[in-house]
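The letter at position 251 of the sequence shown is residue 256 when you use the working numbering, and the numbering goes up by one with no holes.
So the structure is just underneath, and the comments pick up after that.
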Amino acid sequence: MARLTAHMEVGQDDDSWWTPTTIRRSVEAELRLTYRFVKSNLDAAFLPVPLFTMASMFCREMRVAEVPLIMARCLLYAFLYSYSIDIANNIAGSTEDKINKPDRPIASGAVSLRAAKVRYVACTTAYLVYSHHVQVLSWSLLWVLTIFSSYVLHTAKFGPAKDLSMSLGTAAQLMAAWKLGGSPSELGWDWVRTVCIWVYFTVSIQDFRDVPGDRACGRRTTPILLGDTLGRVYCALSLLAFQYYIIVRCVLESRIDGIAIITSAVLTVATIYVALRVVLLRSLKQDELSYRWYSTLYNLEVLAACVSLRALPFDDGKRGSRRESAYVVAVACALAVIVAYRWKLIRESAALGWR
6 MARLTAHMEV GQDDDSWWTP TTIRRSVEAE LRLTYRFVKS NLDAAFLPVP
56 LFTMASMFCR EMRVAEVPLI MARCLLYAFL YSYSIDIANN IAGSTEDKIN
106 KPDRPIASGA VSLRAAKVRY VACTTAYLVY SHHVQVLSWS LLWVLTIFSS
156 YVLHTAKFGP AKDLSMSLGT AAQLMAAWKL GGSPSELGWD WVRTVCIWVY
206 FTVSIQDFRD VPGDRACGRR TTPILLGDTL GRVYCALSLL AFQYYIIVRC
256 VLESRIDGIA IITSAVLTVA TIYVALRVVL LRSLKQDELS YRWYSTLYNL
306 EVLAACVSLR ALPFDDGKRG SRRESAYVVA VACALAVIVA YRWKLIRESA
356 ALGWR
């Protein structure tokens, strides 16, 4: 892209930039730029889509032959979903990012604001066309309208409105993922609705790390509206209260078995840890790490859906045994992906003296 622009600016009309080496370098540069756009939000915007699609497939006892195509579709959807919000967020936050997140592509000068807008239009168009193809257009439209409201109408400048937009985005994300998995929407809606409420009351954890830049730009996020101490207590109590509800009403109400009990224990420990971090560790660096742990907790919430929504008990015999084994392996692999993605966070936490 840069080479093509340079040729056009100096008036060259040769085709030297079409060489395989130049094309390869351009593609590699675009991939690196794309990763810089999405890397900080993969755990919140990308990973939940395949996780909840997996829950949907378990709910209807999918055939193994279906898995590759369904997962390929959901991974492409997850990328377009996350890329659209990350570019929009970079564009809208280009000013305060110079204070809060100077390593972002626009703030660091890696890409111009105009070029980012071109990418956003292209990505959003592809996102809507693809969503129509896989029959989740209504949820994708909700997501696009939420982004428009947040960054064009500037509703994200006011804390409760921003939290609501994140909750609606969660509904769009998870319901599309559920439909991609092939189960009827009504079977997953109760779980999605509960998680959306959890998100609304807790997602402002992400804003503690951005308070200096938000103040400079006139934003009134929830931590600024409530004040530092009250805002942290509000988030911590919301985490504990709604996690209790999720465990009792969503995980354990459907069944009480070994996997459900282990899942509930993991959610409980993770929630207490995140709540304590939010209240006790108050530097900007620690707030960034607390948000990363909160994103991990969100992934665990979605993974818990694989436990509560799975079509069990299994039939007697070898067929049921094989299906149960496949279920355990799939959940273990998903958990391994979450842990692997968080390994860098664990190392950063250890470097600061906290785990």
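Built from N, CA and C at the ideal position, the CB exists for glycine as well.
For residue i, the three-state DSSP class (helix, strand or coil)
i, result
"R65", "coil"
"R260", "coil"
"R282", "helix"
"R287", "coil"
"R124", "helix"
"R225", "strand"
"E101", "coil"
"R324", "A caution first: R324 carries a pLDDT of 47, below 50, which makes its placement in the model too unreliable to give a value."
"T24", "coil"
"Q140", "coil"
"A176", "helix"
"R41", "helix"
"A115", "coil"
"L308", "helix"
"S188", "coil"
Distance between residue j and residue i (C-alpha atoms, nearest Å)
i, j, result
"T276", "T26", "49 Å"
"C79", "R287", "37 Å"
"Y299", "I210", "8 Å"
"R214", "T207", "14 Å"
"F319", "F63", "Residue confidence is low: F319 scores 42 on pLDDT, short of 50, so the model does not pin down where it sits. Its coordinate-derived value is still stated next. About 12 Å."
"G186", "D48", "20 Å"
"T24", "L38", "21 Å"
"A115", "A34", "10 Å"
"R198", "R254", "12 Å"
"V238", "T130", "41 Å"
"I343", "A310", "15 Å"
"L230", "G164", "7 Å"
"N105", "L74", "40 Å"
"I28", "I96", "27 Å"
"W2", "A60", "There is no way to answer for residue 2, as the model of the chain reaches only from 6 to 360."
"D292", "A70", "43 Å"
"C201", "A176", "6 Å"
"L36", "V123", "16 Å"
"A121", "D262", "49 Å"
"A77", "L294", "31 Å"
"N94", "Y156", "8 Å"
"G236", "R109", "27 Å"
"L146", "H137", "10 Å"
Beta bridge counterpart(s) of residue i as assigned by DSSP
i, result
"F247", "F247 pairs with nothing; no bridge assigned."
"F163", "R225"
Beta-carbon contacts of residue i that lie in its chain and below 8 Å, excluding the five residues immediately before and after
i, result
"I90", "N46, A50, W148, I152, G174"
"Y205", "D168, L169, M171, S172"
"Y296", "I210, Q211, F213, R214"
"D321", "Since pLDDT at D321 reaches only 44, below the 50 mark, its modelled position is unreliable, and no value is offered."
"V312", "V256, I264, A265, T268, V336"
Assumed close pair residue i, residue j - CB separation to whole angstroms, cut-off 8 Å
i, j, result
"L314", "W196", "6 Å"
"T273", "I252", "7 Å"
Residues near residue i in its chain [Cβ-Cβ closer than 6 Å; skip 5 each side]
i, result
"A181", "V141, W144"
"R224", "K162"
"G193", "W183"
Close-in-space but distant-in-sequence residues of the same chain around residue i (CB under 7 Å, 5 per side omitted)
i, result
"A83", "F51, V54, P55"
"S99", "I111, A112, L118"
"A166", "T160"
"A221", "E101, I104"
Residue-level contact to chain C via CB, residue i, 8 Å cutoff
i, result
"H138", "Annotation note: the requested chain C is absent from the structure, which comprises a single protein chain."
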